[in-house]
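Colleague:
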Amino acid sequence: MEAPREVEGIAGFSFTVIFFTVLGIMMLGLYIKVLIFGENSLTVLNDLREKKETLHEEKKTLKAENQRLQKTFFELTQLVPKE
90 MEAPREVEGI AGFSFTVIFF TVLGIMMLGL YIKVLIFGEN SLTVLNDLRE KKETLHEEKK
150 TLKAENQRLQ KTFFELTQLV PKE
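Going by my numbering, the residue at position 68 of the sequence shown is 157; the numbering climbs one at a time, nothing skipped.
#1: Starting from residue 130, follow its DSSP beta bridges and name the residues at the other end.
#2: Please say whether residue 125 and residue 131 have beta carbons closer to each other than 8 angstroms?
#3: Could you check the C-alpha separation between residue 117 and residue 123 for me, to the nearest Å?
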């Protein structure tokens with residue numbers, strides 16, 4: 090009596106091995122897609138870095154404007170006669 094032969098697929102691998110290999114590759118691709126484009130992704134990280142840099146620049150600008158306005162305020166308050 091002959092032992093049951095496993096059906097060979099492409100390049101001598103069984104269809105089950107091929108199926109699970111393709112499934113694993115697809116799952117890995119999906120995982121990489123989520124890493125790059127997902128909610129906690131690389132693109133979000135880069136956007137946050139740009140926003141942080143913009144906020145730092147805005148902070149510097151506002152500090153300089155505040156300094157200028159305080160100087161003007163103190164100059165004007167000294168001109169007002171004391172009662």
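Heads up, the beta-carbon is just placed ideally off N, CA and C, and yes, glycines get one too.
Modeller: From the atom records:
#1: Its beta-bridge partners do not exist; DSSP assigns none.
#2: yes
#3: 10 angstroms
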